[in-house]
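In the UniProt record's numbering, the protein residues as written are 1 to 168.
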């Protein structure tokens with residue numbers, strides 16, 4: 001059975017265990033490499049160290065700085081629905097969880113949307129065919145499975161919203 005022997009080194013508070021079977025040259029290179037890595041890590045930590053907080057400033061939580069999401073903003077809601085009521089022609093009294101997108105996208109408007117609305121307001125562009133603001137729509141869908149009145153499993157792809165975003 002082979003025995004392993006290790007040498008213990010301490011360099012600038014860095015402790016290393018290096019195999020005794022390695023040549024002195026390789027041991028030296030390992031120690032230097034480890035020391036350089038530790039120095040690099042210390043430099044990176046110093047770079048991200050925060051300056052002390054001014055005690056004269058009032059204490060506010062981080063949550064106060066972030067704009068609160070309004071209940072009117074685009075979001076996902078859910079409701080239990082009877083499959084028959086979905087209007088897809090399936091004969092089933094089973095209840096499924098239908099997820100759908102609701103809300104406004106006013107805060108997601110781009111310069112395009114603002115300019116387009118102004119052009120429609122002053123009559124330069126006909127507003128009959130143009131949507132002047134983004135709308136809240138599903139960006140990902142879920143598949144829903146249920147049993148119909150004839151006890152056959154049915155699967156409907158892209159029925160329920162899985163994620164909502166302002167589109168357009």
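Heads up, the beta-carbon is just placed ideally off N, CA and C, and yes, glycines get one too. Keep in mind it's a predicted model, so treat the numbers as computed, not measured.
Buried versus exposed call for residue i [16 or more other C-beta atoms within 10 Å across all chains shown]
i           : result
residue 107 : exposed
residue 32  : exposed
Same chain, Cβ closer than 7 Å to residue i, five either side skipped, listed in chain order
i           : result
residue 148 : 90, 91, 92 and 154
residue 168 : 131, 134 and 135
Cβ separation of residue i and residue j, assumed to be a contact under 8 Å, to the nearest whole Å
i           : j           : result
residue 136 : residue 164 : 6 Å
residue 115 : residue 141 : In fact, because the Cβ distance is near 32 Å, the residues do not count as touching under 8 Å.
residue 157 : residue 143 : 5 Å
residue 104 : residue 72  : 5 Å
Residue i beta carbon near the ligand ATP (any heavy atom closer than 6 Å)
i          : result
residue 92 : Ligands are entirely absent from the displayed structure, and the ligand ATP is therefore not among its contents.
C-alpha gap between residue i and residue j, whole angstroms
i           : j           : result
residue 152 : residue 146 : 8 Å
residue 95  : residue 113 : 39 Å
residue 120 : residue 109 : 16 Å
Own chain residues within Cβ distance below 6 Å of residue i, not counting five before or after
i          : result
residue 99 : 76, 78, 160 and 161
Residues of its chain near residue i, where Cβ-Cβ distance is below 8 Å and the 5 sequence neighbours each way are ignored
i           : result
residue 139 : 163, 164, 165 and 167
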